[in-house]
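Trainee:
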Amino acid sequence: MAYKYDKGQVQGNASGRWFEIFQALDTRLSKAASNAGGHVPCPAGIGGSDSFRFEISSNTDGHAFSNQADNRKLSDGFGVLIWLNGWSFPDTLKRVADYLDDNRGRVSTQPTTTTPDTEGWKRKAVALKRMLDRAASVPNESVRAYYYNRGLELAAGIASPSLWYHKGVSISYRGQTIKDGGSWVTVPAIIGRMSGSQGWTGAQIIRLTKDGYKASEFMRDAIEQATGTRPEQVSDKQLLKTVPNMSGSAVRLGKAESTLCVGEGLETMLAVALALDTRSVASAGTAVLLERLEIPPQVNRLLIFADKDRTERGLQAAEVLRDRVKDQMEVKILLPPSPVPGDAKGIDWLDDIKNLGSWKTCVD
Numbered sequence: 001m002a003y004k005y006d007k008g009q010v011q012g013n014a015s016g017r018w019f020e021i022f023q024a025l026d027t028r029l030s031k032a033a034s035n036a037g038g039h040v041p042c043p044a045g046i047g048g049s050d051s052f053r054f055e056i057s058s059n060t061d062g063h064a065f066s067n068q069a070d071n072r073k074l075s076d077g078f079g080v081l082i083w084l085n086g087w088s089f090p091d092t093l094k095r096v097a098d099y100l101d102d103n104r105g106r107v108s109t110q111p112t113t114t115t116p117d118t119e120g121w122k123r124k125a126v127a128l129k130r131m132l133d134r135a136a137s138v139p140n141e142s143v144r145a146y147y148y149n150r151g152l153e154l155a156a157g158i159a160s161p162s163l164w165y166h167k168g169v170s171i172s173y174r175g176q177t178i179k180d181g182g183s184w185v186t187v188p189a190i191i192g193r194m195s196g197s198q199g200w201t202g203a204q205i206i207r208l209t210k211d212g213y214k215a216s217e218f219m220r221d222a223i224e225q226a227t228g229t230r231p232e233q234v235s236d237k238q239l240l241k242t243v244p245n246m247s248g249s250a251v252r253l254g255k256a257e258s259t260l261c262v263g264e265g266l267e268t269m270l271a272v273a274l275a276l277d278t279r280s281v282a283s284a285g286t287a288v289l290l291e292r293l294e295i296p297p298q299v300n301r302l303l304i305f306a307d308k309d310r311t312e313r314g315l316q317a318a319e320v321l322r323d324r325v326k327d328q329m330e331v332k333i334l335l336p337p338s339p340v341p342g343d344a345k346g347i348d349w350l351d352d353i354k355n356l357g358s359w360k361t362c363v364d
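When we follow full-length UniProt numbering, the leftmost residue of the sequence shown carries the number 1, and every step to the right adds one.
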């Protein structure tokens, strides 16, 4: 019987084992794999002494960063091995699957079947579609109140195919949907639909209280009432993936023009859109996704509105993105000028919104 290797299945089996796989299949990657988070010499021998690195999170999907390569090609472990060795994709997939020695990475070509991994992603995509079917393109009163409380009241007038508003999304904790008296506990939400060259890839979801504040404390209360345990921390923000790899994705408020404004948080980038009067704006959602953001070919100036964190993670992500694209376009990294206050972990441009307007002349 003929077999083919299913990428999704092999990728799932490899998750959390990429450093082991790299060291087994190509010892040139050993130094980077054993020093995740630090810069090492280019394993291909074409860069400087600090031109290549894995992140600690690279053990999950194998992604890497190189000053000597198009980092879009290094978005997962298969891409890294192809770049370094010149192997074909089928050959690379087979080598990884054979190393893992796991026949679950193979599926019969007779007949065609759907893997459990594929079914899982389909279910997530269907769940998001159902959520969007019940959402509206116009903000509800809770969202309007939230925008007002954050100094973003004019954001209610931003029309975008990527922005949706829901009156009641559920709350989950450790895989359990939280209920009260047999009914789901729900909260209003802002939904930012994420997309890349592969199409729609997921969503950023911001849960709110009915009176227009972040819902984290309300969620903690609801979880405690339902489970008897009060979690130390619950995030009102959720990144909902509907594909295995979201690299390149962002909430894109409008068509990218010659100048594109990018950053992490959705609220931050709404503030940028309002202050600079542009919809050529993209919110990556996380520092990792900002590093991997896809920049459309018509862009010749990139403005990165970085978060100012005490850990400097926001700046690091901005620098990775800048270094990846600086040969193709002009790039500016913009940090909020105000100091990080008191015990705060950091600030973003929404916290420093009064200084945003000074950059309006940079946008076409």
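We put the CB at the ideal spot given by N, CA and C, even for glycine.
Would you report the Cα separation of lysine 124 and alanine 159, rounded to the nearest angstrom?
Mentor: Answer to the nearest angstrom: the Cα atoms are 26 Å apart.
Trainee: What do you get for isoleucine 206, buried or exposed, if any count of 16 or more other CB atoms within 10 angstroms of its CB means buried?
Mentor: Label assigned to isoleucine 206: buried.
Trainee: So, helix, strand or coil for lysine 345, using DSSP?
Mentor: If DSSP states are grouped into helix, strand and coil, lysine 345 belongs with coil.
Trainee: So for asparagine 103, helix, strand or coil by DSSP?
Mentor: Its pLDDT being 35, under 50, asparagine 103 is placed unreliably in this model, and the value from its coordinates should be taken loosely. Three-state result, asparagine 103: helix.
Trainee: Excluding five sequence neighbours on each side, which residues of the same chain lie with their C-beta closer than 6 Å to the C-beta of serine 142?
Mentor: Answer for serine 142: Pro188, Leu208, Lys210 and Gly212, listed in chain order.
Trainee: Using CA atoms only, rank isn't needed, just tell me which of Ser172, Tyr147 and Gly254 is closest to arginine 193.
Mentor: The residue with the shortest Cα to Cα distance from arginine 193 is Gly254.
Trainee: Is the beta carbon of aspartate 307 sitting closer than 8 Å to the one on glycine 248?
Mentor: No, the Cβ-Cβ distance between aspartate 307 and glycine 248 is not below 8 Å.
Trainee: Taking C-alpha atoms, which residue in Met329, Trp349, Gln328 and Glu330 lies nearest to serine 338?
Mentor: Checking every option, the nearest Cα to that of serine 338 belongs to Trp349.
Trainee: Go ahead and pull the three-state DSSP assignment for glutamine 328.
Mentor: Glutamine 328: coil per DSSP, three-state reduction.
Trainee: Between which two residues does the beta strand (DSSP E) harbouring isoleucine 190 extend?
Mentor: Residues 186–196.
Trainee: Which partner residues does threonine 92 have in the DSSP bridge list?
Mentor: None; threonine 92 has no bridge partner.
Trainee: So is aspartate 351 buried or exposed if we call it buried at 16+ other beta carbons inside 10 Å?
Mentor: Buried, because 16 or more other Cβ atoms sit within 10 Å of the Cβ of aspartate 351.
Trainee: Look at valine 80 and alanine 64 and say whether their C-beta atoms are less than 8 Å apart.
Mentor: Yes, the Cβ-Cβ distance between valine 80 and alanine 64 is below 8 Å.
Trainee: Following the continuous alpha helix (DSSP H) through alanine 69, name the residue where it begins and the one where it ends.
Mentor: Careful: alanine 69 lies outside any alpha helix (DSSP H) and carries neither H nor E.
Trainee: Hey, could you find the ends of the beta strand (DSSP E) isoleucine 206 is sitting in?
Mentor: Here the beta strand (DSSP E) through isoleucine 206 covers 199–207.
Trainee: Kindly list the residues whose CB is nearer than 6 Å to the CB of aspartate 327, restricted to its own chain and excluding five residues on each side of it in sequence; keep chain order.
Mentor: Excluding sequence neighbours, aspartate 327 sits near nothing in its chain.
Trainee: Could you check which residue in Thr229, Asn245 and Ala222 has the C-alpha nearest to that of aspartate 236?
Mentor: Of Thr229, Asn245 and Ala222, the residue nearest in Cα terms is Ala222.
Trainee: Note down the Cα distance separating arginine 106 from alanine 14, rounded to an integer number of angstroms.
Mentor: Model confidence at arginine 106 stands at a pLDDT of 38, short of 50, so the residue's coordinates are unreliable; what they give is reported in the following sentence. Computed Cα separation, rounded: 13 Å.
Trainee: I'd like to confirm the pairing. Which residues does DSSP put opposite arginine 252 in its beta bridges?
Mentor: Answer is Ala282.
Trainee: Please state whether DSSP places valine 243 in a helix, a strand or coil.
Mentor: Coil at valine 243, not helix or strand.
Trainee: Would asparagine 67 pass as a contact of aspartate 323 if the rule is Cβ separation under 8 Å?
Mentor: Yes, these two residues count as a Cβ contact at 8 Å.
Trainee: Under a three-way DSSP split, which group does lysine 210 fall into?
Mentor: Correct three-state label for lysine 210: coil.
Trainee: From Leu334, Asp343, Leu293 and Asn300, pick the residue whose C-alpha is nearest to that of leucine 356; which is it?
Mentor: Minimum Cα distance to leucine 356 is reached at Leu334.
Trainee: Taking 7 Å as the cut-off, does the CB of alanine 127 come closer than this to any heavy atom belonging to the ligand SAM?
Mentor: Ligands in the displayed structure: none, and consequently the ligand SAM is not present.
Trainee: What are the boundary residues of the alpha helix (DSSP H) that glycine 79 is part of?
Mentor: Note, glycine 79: alpha helix (DSSP H), 77–85.
Trainee: Along the beta strand (DSSP E) that carries glycine 301, what are the first and last residues, could you check?
Mentor: Reading the sequence as shown, one finds arginine at residue 301 and not glycine. Counting along the chain, the beta strand (DSSP E) containing arginine 301 begins and ends at 301–305.
Trainee: Going by other Cβ atoms of all chains shown within 10 Å of its Cβ, with 16 needed for buried, is alanine 256 buried or exposed?
Mentor: By the 10 Å Cβ count, alanine 256 comes out buried.
Trainee: Just confirm the distance between the C-beta atoms of alanine 287 and alanine 317, as a whole number of angstroms; I'd bet it's less than 8 Å.
Mentor: Indeed they touch by this definition, with Cβ atoms about 4 Å apart.
Trainee: Among Asp277, Ser258 and Ser283, which one has its Cα closest to the Cα of glutamate 267?
Mentor: Of the listed residues, the one whose Cα sits closest to glutamate 267 is Ser283.
Trainee: By the DSSP assignment, the beta strand (DSSP E) with leucine 293 in it spans what residues?
Mentor: Where leucine 293 is concerned, there is no enclosing beta strand (DSSP E), given that its DSSP letter is neither H nor E.
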